[in-house]
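Listed in order, the protein sequences are those of chains A and B.
Take the first sequence: its position 68, counting from 1, is numbered 237 in our numbering, and each next residue is one higher.
Take the second sequence: its position 231, counting from 1, is numbered 241 in our numbering, and each next residue is one higher.
Just so it is clear, CB atoms sit at the ideal spot from N, CA and C, and this is done for glycine as well.
Working notes for the structure below.
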Amino acid sequence: MKPLRQDLVAAWWRTFAVQGSWNYRTMIGGGMAFSMLPLLRRIYAGDPVRFSEAVGRHLGAFNSHPYLAGMAVGALARAELDGEDPERVERFRAALRGPLGTVGDRLIWASWRPACLLVAIAAFGLGLGPISSMFLFLALYNVGHIAVRIWGFRRGWQDGLGVSKALHERWLDIVPKLLAPLILLLLGLDAVLLSRQVLNVVAWHGLFAGLALVAAFVALMAFRWPRRTGRIAVALVLSIPLVWLGLAALNG
Amino acid sequence: MPLGDIPLHATSWLILVALGGVLAVDSVSWPQVMISRPLVSATIGGWVLGDPSAGFLVGALLELMSLRHPPFGAARYPDTGPAGLIAGSAYAAVGISSLGSLVAAILAGWAVGWIGAISVQFRRRGNERLFSPEPELAARPELLEKRHKTAIRLDIVRGALLTAGFLVPAILGAAWVVDQPESGLATIWGAAMLITALAAAAGAGGRTSSFGIGGWPLLFAGAALGGLIAGIVG
C-alpha cells in the first residue's frame with residue numbers, strides 16, 4: 170500500500186533523531202530503521218513477515234551525514250514500495266553510504282556551519298548584542314539545515330534507486346566553493362575582533378600591534394600544518410596557568 | 011571573591027543542569043539544530059547567570075578553537091553543549107573583569123568537552139547492547155522504537171550528569187582564580203598566549219574549510235579588515 174502524506178511527514182520528522190542510537194557496530198542503522206518504520210508499516214500493511222524482513226534489512230550497518238540520511242530513508246522506502254529485489258536494495262544501501270557522508274560533511278560541517286557561526290561572531294564583534302547574535306546564528310543556520318533535510322527526503326522519495334544523480338547536482342559542489350573565501354575572510358576578521366575583546370578584558374591595547382605579527386606568523390603555520398599547530402595552540406593555553414603559578418611562587 | 015557574590019542558586023543550578031541535558035542531546039542524537047555549539051550554549055549559560063555577553067565571548071573563543079574538530083564520521087570530537095554551558099556560566103558568574111577567570115572558563119570548557127567526548131564513547135558502546143540482537147528487534151519493531159527513544163533519553167541524562175558534576179567546580183575554580191593577585195607579567199603572558207592560540211585556531215580552522223583554494227591571503231585580508239575596524243572603533 171502506498172504511504173500517505175502523514176507517513177512521509179512522520180518519517181521525515183524521525184530523521185531528526187536518526188543518530189539517536191549511534192553505535193560502533195551498526196552506526197545509524199537503528200536510526201534508519203526507526204525513521205523508516207512509518208513508511209514500512211504502510212507499505213507492508215497486512216503482511217507481517219515481509220514487514221519484519223524489511224525492518225531487518227534496514228537495521229544493518231549504515232552511516233551518512235545526518236541531514237542527508239533522509240535522502241536514504243526516502244529512496245530506500247521508495248525501493249521497498251516499488252518491490253525491488255531485496256539484494257539490490259541492500260547493494261544500493263551499501264553504495265549510498267560513502268557519498269551521503271562525503272557530500273554532507275563538505276556542505277554542512279565544513280562550509281555552512283562555520284560560515285553561519287563566523288557571521289554571528291562578526292556581528293557580535295561589530296556591535297550586535299549577544300542574544301541577537303546567537304539567534305542570528307540559529308536562524309541563519311537552520312534555514313539551510315531544514316532546507317537540506319526537506320530537499321534530501323523529497324529527492325529520495327521521488328527518485329528511489331535513481332537518487333544518486335541528485336548527489337551530482339552542481340549546487341552541492343558550488344556552495345562550499347563559494348563559502349570558502351567568505352569563511353577565510355571571516356576567520357581573519359573574527360580572530361582580530363575577538364582578540365580586541367580579550368585585550369579589553371586586560372585593558373592593555375599596547376599589546377595589539379606587537380602581537381599582530383606573532384599571531385599572523387602562527388596563523389600561517391597553522392594553515393600549513395593544522396594538526397601540529399593546533400596541538401601547540403592547546404599547549405599555549407595550558408601554559409597560562411602554569412606560568413601564573415610559577416610567577417606566584419617566585420613572588421613568594 | 012566572596013562565595014555569596016556568585017549568582018548561582020539552587021534554582022539556577024537546576025535550570026543549568028536541565029539545559030545541560032538538552033544541549034548535550036542536540037549534539038548528535040536529536041535534533042541537531044546546533045544549540046549545542048559553544049557559541050549558543052555558553053551564551054545561554056551566561057544568560058542564565060545574568061551576563062550573556064560574557065557567555066558569548068567565551069563561546070566564540072571556544073568555537074574558534076573547536077573549528078578544527080568537525081564531527082566527520084566516527085571521529086572523536088568535544089562535547090560542546092555542556093562544555094560551553096559550563097564555561098559560559100563560570101565566566102559570567104565571577105564577572106568579566108579578569109583575564110584569569112576568562113582563561114579558567116576556557117580551560118574548564120575545553121576539559122569538560124573532552125571528558126564529554128569520552129562519555130559519548132561509553133554511551134555508544136551502551137547503544138550496541140541496546141540494539142542487540144537485531145533479529146529480535148526486526149521481529150518486534152515496537153521494541154526497536156522503545157530502545158531508540160531510550161538511547162536518546164540516556165543521552166539527555168548523560169549531559170545533565172556531566173553538567174551537574176562539573177558546573178560548580180568550574181565556577182569555584184574561576185572564582186578562586188579571580189582572588190589571586192595578577193602580576194603585570196602574568197597578564198601580558200596570558201593575553202599573548204590566548205591571542206596566539208586564537209590565531210592558530212583561525213589558521214587551522216581555515217584550512218579545514220578552504221577546499222584547496224590556497225586561501226591564506228584571504229585569512230590575512232580578513233585580519234587586516236578586523237584591524238582596520240578595531241583601529242576605527244578604538
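C-alpha of L363(A) to C-alpha of G252(A): approximately 57 Å in a straight line.
R78(B) reaches chain A at P395, G399, counting residues in chain order whose Cβ is nearer than 7 Å. From the beta-carbon of M390(A), the residues of chain B found nearer than 8 Å are A210, G213.
When Cβ pairs closer than 8 Å are counted between the two stretches, the stretch 353 to 368 of chain A is seen to touch the stretch 276 to 294 of chain A, the count reaching three or more. Contact check for V188(B) and G110(B): beta-carbon distance about 6 Å, within the 8 Å limit, so the pair qualifies. Between R365(A) and chain B, the shortest Cβ-Cβ separation is below 8 Å. With respect to chain A, the C-beta atom of W186(B) has no partner C-beta closer than 8 Å.
Residues D36, V50 of the same chain have their beta carbon placed closer than 8 Å to that of M44(B), with the five preceding and five following residues left out of the count. Residue pairing by DSSP places N192(A) opposite M196(A) in a beta bridge. Here the alpha carbons of Q42(B) and S142(B) stand approximately 26 Å from one another.
For the options L74(B), P62(B), A233(B), A102(B), the alpha carbon positioned closest to that of D15(B) is the one of A102(B). Assigned with DSSP and collapsed to three states, F392(A) falls in helix. F185(A) sits in a helix when the DSSP states are folded into three classes. Using a Cβ-Cβ cut-off of 8 Å, L416(A) counts as an interface residue toward chain B, since at least one Cβ of chain B sits closer than that to its own. DSSP, read as helix, strand or coil, puts F141(B) in coil. Rounded to whole angstroms, R393(A) and G225(A) show a C-alpha spacing of 47 Å. When rounded, the separation of the alpha-carbon atoms in F66(B) and A52(B) is 6 Å. Distances from the CA of G331(A) to each of M240(A), T398(A), M170(A), A378(A) were compared; the closest alpha carbon is that of M240(A).
Against chain A, the CB of R86(B) has no partner CB under 8 Å away; the residue lies outside that interface.
Against chain B, the CB of M170(A) has no partner CB under 8 Å away; the residue lies outside that interface. About 11 Å separates the CB atoms of T218(B) and P345(A); that is not less than 8 Å, and the two are not in contact. Apart from sequence neighbours up to five positions away, the residues of its chain that approach P172(A) with a beta-carbon distance below 6 Å are L208, R211, ordered along the chain. Here L24(B) is exposed: its Cβ has fewer than 16 other Cβ atoms, across all protein chains shown, within 10 Å.
Between I409(A) and M203(B), the gap from beta carbon to beta carbon is short of 8 Å. Ranked by Cα distance from R194(A), the options R139(B), A231(B), G225(B) are led by R139(B).
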